[in-house]
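K.L.:
Okay, handing you the structure first.
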Amino acid sequence: MTVNILAAMIVALLASLGSSGAAVAQQGTCLSKQDIQDRLTRGDIAPLADAMTRAGVKGRPLSVQVCDVNGSDHYIVNMMDSDGESQSLTLNAEDGSK
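In the numbering used here, the protein residues as written are 1 to 98.
Here it is in structure tokens:
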């Protein structure tokens with residue numbers, strides 16, 4: 001039940017945020033919202049909040065995609081830093097490592 005709630009929150013976040021641009025697409029194939037939901041439901045990837053916590057990342061995500069990077073799923077997250085500037089962050093979607 002908790003996984004479904006977290007998965008729904010991730011999908012809602014993804015739906016509410018725009019694309020993070022062409023630079024992300026160059027890193028590899030990015031997943032559709034349905035593919036992300038399916039992988040979250042199966043437990044193939046961790047919810048974004050869990051991955052960020054494991055990596056010690058704090059801040060507000062501006063946009064999120066899940067893309068293939070070197071053969072594994074990664075969150076590509078544009079974050080707003082404490083100065084209000086946008087910065088890109090790549091986290092392993094399975095374990096939250098940077």
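Glycine included, C-beta positions come from ideal geometry on N, C-alpha and C.
The structure presented is a predicted model; accordingly, all values stated were derived computationally and were not measured.
Would you identify the three-state DSSP class for Ile76, choosing helix, strand or coil?
P.N.:
Ile76 falls in the strand class under three-state DSSP.
K.L.:
Quick one: measure Cβ to Cβ for His74 and Leu62, integer angstroms, because I've assumed they're closer than 8 angstroms.
P.N.:
Rounded, the Cβ-Cβ distance is 17 angstroms, inconsistent with contact.
K.L.:
Taking Gln37 as the reference, give the member of Gly59, Lys98, Gln65, Arg54 with the closest Cα.
P.N.:
Ranking Gly59, Lys98, Gln65, Arg54 by Cα distance to Gln37 puts Gln65 first.
K.L.:
How many angstroms separate the CA atom of Lys98 from the CA atom of Arg54?
P.N.:
One C-alpha to the other measures close to 10 angstroms.
K.L.:
Quick one: what's got a C-beta closer than 7 angstroms to Thr29's C-beta in the same chain, skipping five residues either side?
P.N.:
Cβ within range, chain order: Cys67, Asp68.
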